[in-house]
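To start, the structure under review is shown below, and the notes come after it.
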Amino acid sequence: MSHHRSFTCLAAIGITVGLMLSWAKTAQAQSHYPYYESRAYPTAHAAPMAYQYMYYPSAQVYYAPHNRFWYWYDGYSWQSAYALPYAIRVDFRLGGIPITLRSALPYREHHYVDSYYGRPWRAHQRRQQERRDWREHEVWRESGRGYPRYDAPRYERDDEREHHRHR
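Add 262 to a position in the sequence shown, counting from 1, and you land on the number used in our numbering.
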């Protein structure tokens with residue numbers, strides 16, 4: 263029976279050593295994984311990766327469905343987590359914009375996304391500027407055509423109003 267026990271003990275030791283060696287090789291491969299992942303250019307045989315995101319421009323927030331992560335800018339740096347902080351509100355009824363990026367971290371290409379999709383408040387500012395430009399154009403177009411409100415400089419018009427008011 264002692265011969266059987268020594269064989270069982272040797273088998274258990276062999277299995278343990280084999281598992282430890284395979285675990286060590288896996289750990290070694292994982293430690294080099296970031297080096298290969300952060301390569302600036304893919305190798306010739308590797309196809310470029312594409313990552314799908316939902317972008318919410320009103321809050322400048324990305325959602326990655328492949329790993330269920332949220333990415334947002336907190337004013338100082340980009341943050342990521344499985345849930346958004348309480349202070350960030352995203353209106354899901356409006357839906358996000360589905361985008362495809364080459365980076366596993368969407369904020370690496372945020373400049374492109376921001377310039378292409380913009381932000382809602384920028385559109386509002388653009389409309390206000392267009393409205394101001396239109397008003398200036400109308401003033402220029404009607405000046406010199408017999409419209410007294412545009413022909414005289416502003417201070418002359420104010421003097422006329424004051425003069426007529428005191429009569």
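Using N, Cα and C, we set each Cβ at its ideal position, and we do this for glycine too. Owing to the predicted nature of the structure, the values given are computational and were not obtained by experimental measurement.
Opening and closing residue of the beta strand (DSSP E) in which residue i lies
i      : result
Ser377 : It is not in any beta strand (DSSP E) - Ser377 instead sits in the alpha helix (DSSP H) that spans His372 to Tyr379.
Leu346 : Segment: none, Leu346 is in no beta strand (DSSP E) and carries neither H nor E.
Tyr315 : Tyr313 to Tyr318
Pro360 : Ile359 to Leu363
Tyr335 : Phe331 to Tyr335
Ala326 : Val323 to Ala326
Closest Cα partner of residue i within the set the options
i      : options                           : result
Gly337 : His328, Ala349 and Pro327         : Ala349
Trp332 : Met311, Leu346 and Gly380         : Leu346
His373 : Met311, Thr270, Gln322 and Ile275 : Gln322
Ser377 : Thr270, Pro319, Tyr335 and Met311 : Pro319
Distance between residue j and residue i (C-alpha atoms, nearest Å)
i      : j      : result
Ser339 : Asp353 : 23 Å
Ala343 : Gly358 : 18 Å
Asn329 : Val375 : 20 Å
Gly380 : Tyr335 : 15 Å
His294 : Met311 : Confidence in His294 is poor, its pLDDT being 36 and thus under 50, which makes the residue's placement unreliable; the coordinate value appears in the next sentence. Going from the Cα of His294 to the Cα of Met311 covers about 19 Å.
Gln341 : Glu392 : 36 Å
Ile361 : Thr270 : 58 Å
Arg351 : Pro327 : 18 Å
Ile275 : Arg355 : 59 Å
Cβ-based burial, residue i [other Cβ within 10 Å; buried from 16]
i      : result
Leu363 : buried
Ala302 : Note that Ala302 scores 49 on pLDDT, short of 50, meaning its location in the model is unreliable; the coordinates nonetheless yield the value given after this. By the neighbour-count rule (16 or more Cβ atoms within 10 Å), Ala302 is not buried but exposed.
Tyr324 : buried
Gln290 : Bear in mind that the predicted position of Gln290 carries a pLDDT of just 38, short of 50, making it unreliable; the figure below should be weighed with that in mind. Burial call: exposed.
CB contact check: residue i to chain C, cutoff 8 Å
i      : result
Arg330 : The chain labelled as chain C is not found in the depicted structure, where only one protein chain is given.
- Item | Any 3 or more C-beta pairs closer than 8 Å across the region 311-320 and the region 363-379 | Taking one beta carbon from each stretch, the region 311-320 and the region 363-379 have 3 or more pairs nearer than 8 Å; the two touch.
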